[in-house]
Amino acid sequence: MAQAPGRRGSGARESTSDARPGDDGASARERILEAAGELFAEHGFEATPTSRIAERAEVPKGLIHYYFRRKQDLLTALVDRLPDEPVVSDRIAVRGDVAGSLRRLVRELDARLEASPLLSHLLWREADTHVAVREALQRRFRHVAEQIRGVIELALPPGPVRCDVDTAALLLARVVNHRHSVARHGAHEDELEREIGFIAHALELGVGAPHRVEPA
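This note's numbering applies: residue 451 is where the sequence shown begins, and numbers increase by one.
This is the structure in structure tokens:
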């Protein structure tokens, strides 16, 4: 691995010695990641040379290779920053109000997307060409489906579950997935209210419940 340069490069703000607690290493690495995320989202991964990342981050190019051996490692590090804190289902779900609970959950998921629009834009843009990104989005989808399932279970009326909660959670997760994948293109109209209402009504009716076979 290349050693970190010990002198200032053109445009660099401070010394670039090995990162230690309290020195500029952490902030330099952060600037590199922020610059890479911006440029990858603007121009795409393949079209962004590390020299442009160094220029925007105001660090010597060699410092990028000190922290990230390969350009692909920059993308992997950005993927690892994807927020994945679970929604607190008890705060979202209201027993007997499936539709309202799901609306609150979707608003919470949308807010998390809006908190990191550049990163989300980058992930969706590069999903077709990079396995690490595609796998991150698949994990995100499964995570969203699990959170939806948890909210549905808490919001259903008391008593035995008579409906196919798993399928309902997957359907709504796909709707949310689609909304987030096109969010980078700007405001758009969708039919989320109708879709949530339809899923909630189906759950309340017990759609998908196994048929009981009465003994002859």
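Note that the Cβ used here is the ideal one computed from N, Cα and C, for glycine as well.
Identify which residue in the options has its Cα closest to the Cα of residue i.
i, options, result
"residue 512", "500, 506, 561", "500"
"residue 530", "544, 655, 572", "572"
"residue 650", "556, 548, 526, 490", "548"
"residue 593", "644, 546, 619", "619"
"residue 497", "575, 558, 518, 553", "575"
"residue 441", "476, 627, 484, 483", "Look at the range of the chain in this structure, 451 to 666, and you will see that residue 441 is not part of it."
"residue 596", "535, 648, 584, 642", "535"
"residue 519", "550, 543, 479", "479"
"residue 562", "590, 582, 483", "590"
Does DSSP put residue i in a helix, a strand or coil?
i, result
"residue 580", "coil"
"residue 554", "helix"
"residue 496", "coil"
"residue 656", "coil"
"residue 480", "helix"
"residue 489", "helix"
Where residue i and residue j are concerned, what is the direct C-alpha to C-alpha distance, given to the nearest angstrom?
i, j, result
"residue 632", "residue 615", "26 Å"
"residue 673", "residue 625", "As displayed, the chain neither begins before 451 nor continues past 666, which places residue 673 out of reach and without an answer."
"residue 579", "residue 546", "43 Å"
"residue 514", "residue 492", "19 Å"
"residue 654", "residue 612", "8 Å"
"residue 617", "residue 630", "20 Å"
"residue 507", "residue 481", "5 Å"
"residue 554", "residue 516", "44 Å"
"residue 588", "residue 656", "29 Å"
"residue 646", "residue 494", "34 Å"
"residue 556", "residue 586", "20 Å"
"residue 644", "residue 552", "12 Å"
"residue 487", "residue 599", "32 Å"
"residue 477", "residue 550", "42 Å"
Starting from residue i, follow the alpha helix (DSSP H) in both directions and report where the run begins and ends.
i, result
"residue 525", "521-529"
"residue 624", "615-632"
"residue 540", "539-542"
"residue 513", "511-517"
For the ligand NAD, is there any heavy atom lying closer than 7 Å to the beta carbon of residue i?
i, result
"residue 481", "In the structure shown, the ligand NAD is absent, as is every other ligand, since no ligand is present at all."
Hey, is the segment 511-525 in contact with the segment 605-616, meaning 3+ C-beta pairs nearer than 8 Å? no
Validate contact between the segment 594-605 and the segment 535-553 using beta carbons, cut 8 Å, 3 pairs: yes
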